[in-house]
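Notes follow once the structure below has been shown.
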Amino acid sequence: MKTIRPTFLICGAKKAGTTALANYLREHPDVIISHPKETNYFRDHYEKGIEWLSAHYEHYDGETAVGEASVWNMYAPRAARRIHDTLPNARLIFVLRDPVSRAFSQYYYDLRCGLIEPHRTFEEVVHEPQTTAERDIIEMGFYDEQLKRFTERFDREQILILLSRDLRKSTQSVLKDVARFIRVDPDKTVDEYPQYNQTRYIEKRGLYRVARALWRPVKDKVESRFPVFTDTLRSRVRALTSTQERPTISDSVQSHLSEVYTPHIKRLEKITDLDFSHWT
1 MKTIRPTFLI CGAKKAGTTA LANYLREHPD VIISHPKETN YFRDHYEKGI
51 EWLSAHYEHY DGETAVGEAS VWNMYAPRAA RRIHDTLPNA RLIFVLRDPV
101 SRAFSQYYYD LRCGLIEPHR TFEEVVHEPQ TTAERDIIEM GFYDEQLKRF
151 TERFDREQIL ILLSRDLRKS TQSVLKDVAR FIRVDPDKTV DEYPQYNQTR
201 YIEKRGLYRV ARALWRPVKD KVESRFPVFT DTLRSRVRAL TSTQERPTIS
251 DSVQSHLSEV YTPHIKRLEK ITDLDFSHWT
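Following UniProt numbering, the numbering of the sequence shown begins with 1 at its first residue and continues without gaps.
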């Protein structure tokens, strides 16, 4: 059986629109995306060999652009080297978001996933991170450190950097740019743009904390035996405890994060020769 290798990778950033981009590209007749889109091959499964990755393209039907979209490619220290060793001619796409906004979105996402304790506020996480998950919320916005691993190994023309806001506001134009970058017909890109993975913000922390405490002891048994009920229950809890209306970030937290991120943004500009001054 023919070994299928990715010709392009959507490498990150987390909570910046990579799921939307992958799903939009999936609709192009000359593009195939792995199933699932995040195989995490270059972080977790590299020792299994390229055939393991190839098995995630069983639906391959001669498409010219073969993609994969693991955001951990951007963050795993060894991923850039492994990608270069395996796919030296691959085209790499990075979707970057204002790091303060990205951190805030990830905080609420991790809160919902149980990676952060419900009583921990965003301000506490920012000023005194206590766990790896909490530190990641801030450090995943150090784009200069992450992209440097790729710019040191790949030619600049192999790397496309997109802005999350452009993907959201100028979707058609961005998709045509991406299509040209991965060498498929830009006129065949999708023309409908549904929203994916919209952040929901925990609004009623007390109720959410109680729901989590009740759910933890029975989670495994209920999920395996009653999957439909589980999905319905999750949806109900989300509806009762969260909202899509984004809370505001306090001035003190905004100021602190601006101080943290500004040096990284300046270095990112030097690495990429792009202007990110609107983030500072």
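Ideal Cβ placement from N, Cα and C applies to all residues, glycine included.
- In whole angstroms, what is the alpha-carbon distance linking T121 and I249? Reading the sequence shown from its first residue, position 121 is the one you call residue 121. Reading the sequence shown from its first residue, position 249 is the one you call residue 249. The alpha-carbon of T121 is positioned some 11 Å away from that of I249.
- Could you pull out every residue in the same chain whose Cβ sits closer than 6 Å to the Cβ of V71, ignoring the five residues on either side in sequence? The sequence position of residue 71 within the sequence shown is 71, counting from 1. Once the five neighbours on either side are set aside, the close Cβ partners of V71 are G12, K14, T18.
- Would you check if the segment 30-38 and the segment 55-75 touch, i.e. whether three or more CB-CB distances between them fall below 8 Å? yes
- Message: Restricting to runs no shorter than 3 residues, where is the beta strand (DSSP E) found entirely within the segment 43-91?
- Response: The beta strand (DSSP E) runs of length 3 or more contained entirely in the segment 43-91 are, from start to end of the chain, 65-68.
- Message: With DSSP as the reference, identify every bridge partner of I93, one or two as the case may be.
- Response: Taking the sequence shown and counting its residues from 1, the one referred to as residue 93 is at position 93. Answer is I10, L160, bridged to I93.
- Message: Using C-beta distances below 8 Å, list every residue in its chain close to H59, excluding the 5 sequence neighbours before and after it, in chain order.
- Response: Reading the sequence shown from its first residue, position 59 is the one you call residue 59. Cβ within range, chain order: I32, H35.
- Query: What is the DSSP secondary structure of I182, counted as helix, strand or coil?
  - Reply: Counting from 1 along the sequence shown, the entry for residue 182 is found at position 182. Three-state result, I182: coil.
- Message: Can you look up I249 in the DSSP assignment and give me helix, strand or coil?
- Response: As a first step, residue 249 is located in the sequence shown; it is residue number 249 there, counting from the start. I249: coil per DSSP, three-state reduction.
- Message: Please state the DSSP three-state secondary structure of V190.
- Response: Residue mapping note: residue 190 aligns to position 190 of the sequence shown, counting from 1. Judged by DSSP in its simplified three-state form, V190 adopts coil rather than helix or strand.
- Query: DSSP state of I4, grouped into three classes?
  - Reply: Within the sequence shown, the letter at position 4 stands for residue 4. Here I4 sits in coil by DSSP.
- Item | E27 and V190 closer than 8 Å at C-beta | Working through the sequence shown from its first residue, we reach residue 27 at position 27. Working through the sequence shown from its first residue, we reach residue 190 at position 190. Here E27 is near V190, since their CB atoms are less than 8 Å apart.
- Message: Can you tell me where the alpha helix (DSSP H) holding I116 begins and where it ends?
- Response: Here the question's residue 116 lines up with position 116 in the sequence shown. From DSSP, I116 is part of no alpha helix (DSSP H); its letter is neither H nor E.
- Query: Does the Cβ of R183 have 16 or more other Cβ atoms within 10 Å, making it buried, or fewer, making it exposed?
  - Reply: Here residue 183 corresponds to residue number 183 of the sequence shown, with the count starting at 1. Classification of R183: exposed, given that the 10 Å Cβ count is below 16.
- Between the C-alpha atoms of P6 and H256, what's the straight-line distance to the nearest angstrom? Numbered from 1 along the sequence shown, position 6 holds the residue referred to as residue 6. Numbered from 1 along the sequence shown, position 256 holds the residue referred to as residue 256. Using only the alpha carbons, I get a separation of about 40 Å.
- Task: Could you check if P88 is buried or exposed, using at least 16 other CB atoms within 10 Å of its CB as the buried criterion?
- Result: Locating residue 88 in the sequence shown gives position 88, where the first residue counts as 1. Exposed is the call here.
- Query: Does the beta-carbon distance from I4 to S54 come in below 8 Å?
  - Reply: As a first step, residue 4 must be located in the sequence shown, where it is residue number 4. As a first step, residue 54 must be located in the sequence shown, where it is residue number 54. Cβ distance < 8 Å, so I4 and S54 count as in contact.
- Query: Can H264 and Y107 be called in contact, C-beta distance under 8 Å?
  - Reply: As a first step, residue 264 is located in the sequence shown; it is residue number 264 there, counting from the start. As a first step, residue 107 is located in the sequence shown; it is residue number 107 there, counting from the start. No; because the gap between Cβ atoms is not below 8 Å, this pair is not in contact.
- Message: Let me check one thing: in DSSP terms, what residues is I137 bridge-paired to?
- Response: As a position in the sequence shown, residue 137 is number 137, starting the count at 1. The partner list for I137 (beta bridge, DSSP) is empty, contrary to what the question assumes.
- Under 8 Å by Cβ, that's how I've got R91 and F181 pegged, so tell me the actual separation to the nearest angstrom. Residue 91 sits at position 91 when you count from the first residue of the sequence shown. Residue 181 sits at position 181 when you count from the first residue of the sequence shown. Contact holds; Cβ gap of about 6 Å.
- Item | Closest residue to T132 among R149, D110, N23, L147 (Cα-Cα distance) | Within the sequence shown, numbered from 1, the residue matching residue 132 stands at position 132. It is D110 whose Cα lies nearest to the Cα of T132.
- Query: When the distance is taken between beta carbons, is V174 closer than 8 Å to D185?
  - Reply: On the sequence shown, residue 185 is found 185 positions in, with the first residue counted as 1. On the sequence shown, residue 174 is found 174 positions in, with the first residue counted as 1. Result no, Cβ atoms of D185 and V174 do not sit closer than 8 Å.
- Count the other CB atoms within 10 Å of the CB of G114; is the residue buried (16 or more) or exposed (fewer)? Counting from 1 along the sequence shown, the entry for residue 114 is found at position 114. Exposed, because fewer than 16 other Cβ atoms sit within 10 Å of the Cβ of G114.
- What does DSSP give as the partner residues of I32 in its beta bridges? As a working note, residue 32 is residue 32 in the sequence shown. BP columns for I32 point to V66.
- Leaving aside the five residues before and after P149 along the sequence, list all residues of the same chain whose C-beta is less than 6 Å from its C-beta, in chain order. For the purposes of this step, residue 149 is taken as residue 149 along the sequence shown, with counting starting at 1. A small fix is needed here, since residue 149 is Arg in this sequence, not Pro. Closer than 6 Å at Cβ, skipping near neighbours: A80.
- Query: When the Cα atoms are used, what is the spatial distance from K266 to Q146?
  - Reply: Counted from its first residue, the sequence shown places residue 266 at position 266. Counted from its first residue, the sequence shown places residue 146 at position 146. Between K266 and Q146, the alpha-carbon positions lie close to 14 Å from each other.
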